[in-house]
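K.L.:
Every position in the sequence shown, counted from 1, becomes a number in my numbering once 20 is added.
The beta carbon of each residue, even a glycine, is placed where N, CA and C say it ideally should be.
Pasting in a structure now, in structure tokens, and then I'll have a few things to ask.
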Amino acid sequence: MAETSEKKVMTGTSGMVEKLGIGDYVFNVINYLFFGIFTISCIFPFYYIFINTISDPTFVTSGQITMLPKGITIVNYINMGKVDDLWKSVVVTVLRTVIGTALMVVVSSLAGYLVTKKEMWHRQLWYRMLVITMYFNAGLIPWYLNMTMLGLTDSFAAYIIPGIVAPYNIILVKTYIESIPAEIEESAFLDGASYWKIYTTIIWPLSKPILATIAIFGAVGQWNSFQDSLILNANSPELYTLQHRLYIYLNQSSNIGALASSGDVSAIANSLNTKIIQYTISMVTIIPILCVYPFMQRYFEKGLMLGAVKG
């Protein structure tokens, strides 16, 4: 009895629970330590870039910024705001992200609902053809030739049309819809509702978690997309995305003065060295998309778990 009482402890309303042994404490310490270091290693690069962008350029140039910012200022962001082409790219990227993500979510939702219907003509065939596209790729040159023949070069549509159909997202939506009790849809049919009525009034509202999940996937993909701008719209600078501009600026950061459309060009060039330009542009491209996740986190976690229950 004495040995048993040593292993147990009264916790009030929760009853008797077993005390943690030395091995359990060691495991917890190692576990928390490992994941703590892992978390810091993921966050610190973003933190380091940020504190350099808000520090006095003199301290950044001399390499005095380590853990805390010095001479806090937003002059780096103000100077980057004088680069006219950057704002054009921001507008293009925001538009492609909003429009492309919205269309992708709608099409993925409709297609996902469609392939759950046994009445669909050759449903298994179309679904398998959809899955095959996830594993086989024609390659870069055939893709470019195809885009050229479709007239999707030097056009904003090149950012939207190819990404409307996303096989992986359609599969996630299909799996999620199949987890919704069939009795709900059957009762609606008995009441005379059509497929479209059921989709708009029942399936769409109940699918918000998985739709938010694929919306995050789509928004991040659109925001970070680089290849389509670099290859398809190389001759249309007005259509360059933010990531494409970042690539250009990082390669030509020593000539930032030539990119300024207004203000004292020499002053801008002197106040921004290569390192500061790289840090500031990187933060400009990272911060907006990071702000999206907190608002959709609760839907994202639920949708991702439920959407992956079935194959």
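In angstroms, rounded to a whole number, what distance separates the CA positions of M167 and S128?
P.N.:
Stepping through the sequence shown from its first residue, residue 167 is reached at position 147. Stepping through the sequence shown from its first residue, residue 128 is reached at position 108. Their backbone Cα atoms lie some 22 Å apart in a straight line.
K.L.:
Assuming Y299 contacts N72 under a Cβ cut-off of 8 Å, what Cβ separation, rounded to an integer in Å, is found between them?
P.N.:
By one-based count along the sequence shown, residue 299 stands at place 279. By one-based count along the sequence shown, residue 72 stands at place 52. Indeed they touch by this definition, with Cβ atoms about 5 Å apart.
K.L.:
What beta strand (DSSP E) runs, 3 residues minimum, are completely inside the region 215-272?
P.N.:
If we require 3 residues or more, the region 215-272 turns out to have no beta strand (DSSP E) run fully inside it.
K.L.:
What residue range does the alpha helix (DSSP H) around L172 cover?
P.N.:
As a working mapping, residue 172 is identified with position 152 in the sequence shown. First-last for L172: undefined, no H or E at that position.
K.L.:
For G132, collect the residues of the same chain with a Cβ closer than 7 Å to its Cβ; drop the 5 residues on either side in sequence, then sort them by chain order.
P.N.:
Counting from 1 along the sequence shown, the entry for residue 132 is found at position 112. Around G132: I190, V193, K194 and I197.
K.L.:
In the DSSP assignment, find the alpha helix (DSSP H) that holds N51 and state where it starts and stops.
P.N.:
As a working mapping, residue 51 is identified with position 31 in the sequence shown. That run of the alpha helix (DSSP H) goes I42 to T73.
K.L.:
For V126, count the other beta carbons within 10 Å of its own beta carbon; 16 or more makes it buried, fewer makes it exposed. Which is it?
P.N.:
What you label residue 126 is simply residue 106 of the sequence shown in a count that begins at 1. It counts as exposed.
K.L.:
State yes or no: is the C-beta of F209 within less than 9 Å of the C-beta of I200?
P.N.:
If you number the sequence shown from 1, residue 209 lands on position 189. If you number the sequence shown from 1, residue 200 lands on position 180. Taking 9 Å as the Cβ cut-off, F209 and I200 do not qualify as a contacting pair.
K.L.:
Taking the beta carbon of A177 as the centre, do at least 16 other beta carbons fall within 10 Å, making it buried, or is it exposed?
P.N.:
Stepping through the sequence shown from its first residue, residue 177 is reached at position 157. A177 should be labelled exposed.
K.L.:
Determine the direct distance from the alpha carbon of S75 to that of P89, and round the result to whole angstroms.
P.N.:
For the purposes of this step, residue 89 is taken as residue 69 along the sequence shown, with counting starting at 1. For the purposes of this step, residue 75 is taken as residue 55 along the sequence shown, with counting starting at 1. Those two C-alpha atoms are separated by around 5 Å.
K.L.:
Assign V418 to buried or exposed, taking buried as 16 or more other Cβ atoms, counted over all protein chains shown, within 10 Å of its Cβ.
P.N.:
Lying outside 21 to 331, the shown extent of the chain, residue 418 is not represented and no answer is given.
K.L.:
Which residues bound the alpha helix (DSSP H) around G101?
P.N.:
As a working note, residue 101 is residue 81 in the sequence shown. Unbroken alpha helix (DSSP H) run through G101: V95 to G101.
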